[in-house]
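So for the sequence shown, the working numbering puts the first residue at 10; every next one is plus one.
Scroll down for the structure; my scribbles are underneath it.
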Amino acid sequence: MVKKTIDSFFKKRDACNSETSTPHIISNTDTSVPKVQEQRPHKSPRIEDKEVHTTSLERDPGLRPLMWDYPINQLSSLLRLYNPTCTVLGKIIEDGSTYSQRGEACVAYDLLTSFEFVFILHLLKEIMEITDILCQALQQKQDIVNAMHLVAGTKTLIQNLRENG
Numbered sequence: 010m011v012k013k014t015i016d017s018f019f020k021k022r023d024a025c026n027s028e029t030s031t032p033h034i035i036s037n038t039d040t041s042v043p044k045v046q047e048q049r050p051h052k053s054p055r056i057e058d059k060e061v062h063t064t065s066l067e068r069d070p071g072l073r074p075l076m077w078d079y080p081i082n083q084l085s086s087l088l089r090l091y092n093p094t095c096t097v098l099g100k101i102i103e104d105g106s107t108y109s110q111r112g113e114a115c116v117a118y119d120l121l122t123s124f125e126f127v128f129i130l131h132l133l134k135e136i137m138e139i140t141d142i143l144c145q146a147l148q149q150k151q152d153i154v155n156a157m158h159l160v161a162g163t164k165t166l167i168q169n170l171r172e173n174g
């Protein structure tokens, strides 16, 4: 077993290998291992502040369409695809190639056909139809009086939906 002194851990490698180091330290260095100085990564050139014009970069909110730009038909497409989706899941349950595939299809089918999912889907459709007219009216700044009437009407319709379903 090779004994090392505590100060040998704090010396540079080259200092440990030199003749001036303590005589009881044995150094077995492999010449195939590159030195630390040779392994440093190449430095990239520094970018100056004046080279990047951040004022001309587009930000994410400007790229996304506004909420009321999405058509109400996207929710209707969910309703139109409901039956075909249930049919496909039913076929996977019957003819799935693995147990896990059939099990996942069964769980998805149970969730899609649950009362809670169907109720929320129809509730969303009703609310989106009510608020679609309101959003279109609020986009037109010149028709503020009509927008105020639509806000009152929307509140009444949502209250009616809450009370009577």
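All C-beta atoms, glycine included, are put in the ideal place defined by N, C-alpha and C.
Selected residue, minimal CA-CA separation from residue i, among the options
{"i": "Leu-166", "options": "Leu-87, Thr-122, Glu-135", "result": "Glu-135"}
{"i": "Thr-122", "options": "Glu-172, Glu-103, Leu-88, Thr-140", "result": "Leu-88"}
{"i": "Ile-142", "options": "Gly-112, Tyr-91, Ile-129, Ala-156", "result": "Ala-156"}
{"i": "Ala-146", "options": "Ile-101, Thr-107, Thr-163", "result": "Thr-163"}
{"i": "Phe-126", "options": "Asn-173, Arg-171, Ala-161, Cys-95", "result": "Cys-95"}
{"i": "Ile-139", "options": "Gln-149, Gly-112, Ser-86, Gln-168", "result": "Gln-168"}
Which of helix, strand or coil DSSP assigns to residue i
{"i": "Thr-122", "result": "coil"}
{"i": "Leu-133", "result": "helix"}
{"i": "Asp-104", "result": "helix"}
{"i": "Gln-148", "result": "helix"}
{"i": "Leu-170", "result": "helix"}
{"i": "Leu-90", "result": "coil"}
Whole-number beta carbon distance between residue j and residue i, since they are thought to touch under 8 Å
{"i": "Gly-105", "j": "Tyr-118", "result": "In fact, because the Cβ distance is near 11 Å, the residues do not count as touching under 8 Å."}
Cβ-based burial, residue i [other Cβ within 10 Å; buried from 16]
{"i": "Ala-114", "result": "buried"}
{"i": "Leu-133", "result": "exposed"}
{"i": "Leu-159", "result": "buried"}
heavy atom of the ligand MN below 7 Å from residue i C-beta
{"i": "Gly-99", "result": "Looking at this structure, you won't find the ligand MN or any other ligand, since it has none at all."}
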